[in-house]
Amino acid sequence: MKRVQVLLSTLLALIILFGNSSALKQNYYAKTCPNLESIVRSAVQRKMSQSPVAAPATLRLFFHDCFVRGCDASLMIIYKNGDDEWFHPDDISLKPAGFDTVMQAKAAVDSDPRCTNKVSCSDILALAARDAVVLTGGPSWPVELGRYDAKITSRKRVFLPHPDYSFNVLTKMFSRFNLSMTDFIALSGGHTIGAASCKFFSNRLYPTTDVSMEQNFVNKLKGTCPMNFNSSAFTFLDTMTPQKFDNVYYKNLQQGKGLLASDTLLFTNPRSRKTINWFASNENAFFKAFTDAMTKLGRVGVKTAKDGEIRKDCRFPN
């Protein structure tokens, strides 16, 4: 706990929490790249037809990017010496399909002469994350645009929520980005199309089983992740409708079928249980809360022309 408190203090001291979110607006590229949204959505759709994990990987990429240095695509920068965010243990599990989705969308955008080198990787990522939700049956929302890309990245700056963190620590982490407990619970609903490697929840199965988990669910998990599971083994966070963005994730929590310890906490903690029950019974309420939270998350750490750039290649600073 002391380590977590120190890390939280470090995070607060290092990161620019809100950035210049006033620079964002809808239809930012209306004149410079009028077909931007349709170009990005087509690219996301193509990638999803090629890879079943493209949608959740892209959504997760957006969260991991915004939660560290702000929504500036710093996570996409690659350094030869490995001192980049993707090389951090908390990020190394991010699927290449998410990065590929953004790269393909960037290439498609730049192929339009009106748009070439005018749209930031961070804005393309924000649009791609929204489209990943829409194309899996979830809600749509107007994405605020106008971000510039970071010029640097560093694995030392990565500090992300862990499945074994306490409820209080998790809510404090989100509150530092002006995200409420409801925002935290709604963003967790993105797990409805996500998956997790066995290593992230095997401690709930072995050597003893977490009693908060439903027994048939435990038996299924042990079949997928035996005690000596393969390092590539994984399972879906929502085992009922894993490729559909819906509110089943919350219904699973009510039934003791939360995969990660942090998922289960949302239902077992009396402070959040009411919201879980509300989202489980009212999908529209969840969709509204999720889109509001994604908009707020997208305002974190926004870069402008003064401290950012529009990268020609999302993998490298100009």
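Heads up: the sequence shown runs through residues -23 to -1, 1 to 295, numbered per mature numbering (1 follows the signal peptide of the UniProt record, and there is no 0).
C-beta: ideal position from N, C-alpha, C; glycine also.
**Identity of the residue in Ser258, Leu243, Lys280, Arg292 nearest Pro140 by Cα** = What you label residue 140 is simply residue 163 of the sequence shown in a count that begins at 1. Checking every option, the nearest Cα to that of Pro140 belongs to Leu243.
ask   = Shortest alpha-carbon distance to Ile101 belongs to which of Gly75, Gln220, Gly115, Lys199?
value = Within the sequence shown, numbered from 1, the residue matching residue 101 stands at position 124. Ranking the options by Cα distance to Ile101, first place goes to Gly75.
| task | Out of Ile54, Lys24, Asp49, Met25, point me to the one whose CA is closest to Arg292's CA. | result | Indexing the sequence shown from 1 puts residue 292 at position 315. Residue Ile54 is the option with its Cα nearest to Arg292.
- Item | Cβ pair Val225, Cys43 closer than 7 Å | Along the sequence shown, one-based indexing puts residue 225 at 248. Along the sequence shown, one-based indexing puts residue 43 at 66. The beta carbons of Val225 and Cys43 sit no closer together than 7 Å.
On the three-state DSSP scale, how would you describe Phe154? Counting from one through the sequence shown, the residue named residue 154 turns up at place 177. It is coil, neither helix nor strand.
### Buried or exposed (CB count within 10 angstroms, at least 16 for buried), residue 299
Here the chain covers residues -23 to 295 and nothing more, so residue 299 does not appear.
Query - Ser26: first and last residue of the uninterrupted beta strand (DSSP E) it sits in - result: As a position in the sequence shown, residue 26 is number 49, starting the count at 1. First-last for Ser26: 13 to 27, but that is the alpha helix (DSSP H), not the beta strand (DSSP E).
| message | Measuring straight from C-alpha to C-alpha, what distance separates Leu(-13) and Thr212? | response | Mapped onto the sequence shown, residue -13 falls at position 11. Mapped onto the sequence shown, residue 212 falls at position 235. Here Leu(-13) scores only 49 on pLDDT, less than 50, and its place in the model should not be relied on; the value that follows carries that caveat. Those two C-alpha atoms are separated by around 31 Å.
Open item on the list: Check this for me: beta carbons of Asp126 and Gly285, under 7 Å apart or not?
Closed with: In the sequence shown, residue 126 corresponds to position 149, counting from 1. In the sequence shown, residue 285 corresponds to position 308, counting from 1. For the 7 Å CB-CB criterion, Asp126 and Gly285 form a contact.
From Tyr5 to Thr216, what does the alpha carbon distance come to, in whole angstroms? Along the sequence shown, one-based indexing puts residue 5 at 28. Along the sequence shown, one-based indexing puts residue 216 at 239. Rounded to the nearest angstrom, the gap between the Cα atoms of Tyr5 and Thr216 is 38 Å.
query = Ile(-9): buried (16+ other C-beta within 10 angstroms of its C-beta) or exposed?
reply = Translated into the one-based positions of the sequence shown, residue -9 becomes position 15. For Ile(-9), the predicted structure reports a pLDDT of 45, less than 50, and the residue's modelled location is therefore unreliable. A value from the coordinates is still provided. Answer is buried; the Cβ neighbour count reaches 16.
- Do you know how far the Cα of Leu104 is from the Cα of Leu182? Your numbering for residue 182 matches position 205 in the sequence shown. Your numbering for residue 104 matches position 127 in the sequence shown. Leu182 and Leu104: Cα-Cα distance of roughly 37 Å.
Checklist entry - When you compare only the Cα positions, how much space is there between Met158 and Lys24? => result As a first step, residue 158 must be located in the sequence shown, where it is residue number 181. As a first step, residue 24 must be located in the sequence shown, where it is residue number 47. For Met158 and Lys24, the distance between alpha carbons rounds to 33 Å.
Straight-line Cα distance separating Arg18 from Val96: One-based indexing of the sequence shown puts residue 96 at position 119. One-based indexing of the sequence shown puts residue 18 at position 41. Between Val96 and Arg18, the alpha-carbon positions lie close to 15 Å from each other.
- Message: Give me the residue from Gly47, Asp290, Ser28, Pro29 with the minimum Cα distance to Phe154.
- Response: Taking the first residue of the sequence shown as 1, we reach residue 154 at position 177. Nearest option by C-alpha distance: Gly47.
Point to revise | Within 7 Å, strictly: CB atoms of Phe144 and Asn254 | key: The sequence position of residue 144 within the sequence shown is 167, counting from 1. The sequence position of residue 254 within the sequence shown is 277, counting from 1. No Cβ-Cβ contact shorter than 7 Å links Phe144 with Asn254.
| query | What residues match up with Asp126 in a beta bridge as DSSP calls it? | reply | Reading the sequence shown from its first residue, position 149 is the one you call residue 126. The partner list for Asp126 (beta bridge, DSSP) reads Glu286.
| message | So, under 8 Å CB-CB, Val30 and Asp108 are touching, yes? Tell me the CB distance rounded to an integer number of Å. | response | For the purposes of this step, residue 30 is taken as the residue at position 53 of the sequence shown. For the purposes of this step, residue 108 is taken as the residue at position 131 of the sequence shown. About 15 Å separates the two Cβ atoms, so there is no contact after all.
**Request:** Starting from the N-terminal side, write out each stretch of the alpha helix (DSSP H) that is 4 residues or longer and does not extend beyond the segment 71 to 110.
**Result:** Counting only runs of 4 or more, we get 73 to 87.
**Prompt:** Quick one: is Ala163 buried, meaning 16 or more other Cβ sit within 10 Å of its Cβ, or exposed?
**Reply:** Numbered from 1 along the sequence shown, position 186 holds the residue referred to as residue 163. Ala163 is classed as buried because its beta carbon has at least 16 other beta carbons within 10 Å across all chains shown.
Practice prompt. Please determine if the segment 166 to 184 and the segment 30 to 40 are in contact, where contact requires at least 3 C-beta pairs separated by less than 8 Å.
Written response: As far as the Cβ criterion goes, the segment 166 to 184 touches the segment 30 to 40, which means the pair count is three or higher.
- prompt: Is the closest heavy atom of the ligand GDP to the C-beta of Gln232 under 6 Å?
  reply: Absent from the structure shown: the ligand GDP. Ligands present: none.
Original post:
For Lys289 versus Asn94, is the C-beta distance shorter than 7 Å?
Top reply: As a position in the sequence shown, residue 289 is number 312, starting the count at 1. As a position in the sequence shown, residue 94 is number 117, starting the count at 1. Cβ atoms of Lys289 and Asn94: closer than 7 Å.
Handout entry: Limits of the unbroken beta strand (DSSP E) element including Thr212
Key = Here residue 212 is taken as the residue at index 235 of the sequence shown, counted from 1. Taken as a continuous stretch (DSSP letters only), the beta strand (DSSP E) holding Thr212 covers 211 to 213.
query = With 16 as the cutoff for other CB atoms within 10 Å, does Gln3 come out buried or exposed?
reply = In the sequence shown, counting from the first residue as 1, residue 3 sits at position 26. Around the beta carbon of Gln3, fewer than 16 other beta carbons lie within 10 angstroms, which makes this residue exposed.
Exercise for review: Please work out which residues of its chain come closer than 7 Å, Cβ to Cβ, to Ser189, disregarding the five sequence neighbours upstream and downstream, and give them in chain order.
Suggested key: What you label residue 189 is simply residue 212 of the sequence shown in a count that begins at 1. Residues of the same chain with a CB within less than 7 Å of the CB of Ser189, apart from the 5 flanking positions on each side, are Gly233, Thr241, Thr245 in chain order.
For Met80, tell me which candidate among Leu52, Val135, Glu121, Phe40 has the shortest Cα-Cα distance.
Here residue 80 refers to the residue found at position 103 when the sequence shown is read from its first residue. Among Leu52, Val135, Glu121, Phe40, the Cα nearest to that of Met80 belongs to Leu52.
| message | Using C-beta distances below 6 Å, list every residue in its chain close to Gln192, excluding the 5 sequence neighbours before and after it, in chain order. | response | Position 215 of the sequence shown, counting from 1, holds the residue named residue 192. Cβ neighbours of Gln192 within its own chain (closer than 6 Å, five residues either side excluded): none.
* Taking the alpha-carbon positions, what's the Val279 to Asp187 distance? -> Within the sequence shown, the letter at position 302 stands for residue 279. Within the sequence shown, the letter at position 210 stands for residue 187. Straight-line Cα distance between these residues: approximately 40 Å.
**Study point:** Among Lys128, Ala106, His41, the one whose alpha carbon lies nearest that of Val120
**Key:** Position 143 of the sequence shown holds residue 120. If you compare the alpha carbons of Lys128, Ala106, His41 with that of Val120, the shortest gap goes to Ala106.
(Q) When you compare the CB positions of Thr113 and Lys228, do they come within less than 7 Å of one another, or not? (A) Position 136 of the sequence shown, counted from the start, is the residue given in the question as residue 113. Position 251 of the sequence shown, counted from the start, is the residue given in the question as residue 228. Going by C-beta atoms, Thr113 is not nearer than 7 Å to Lys228.
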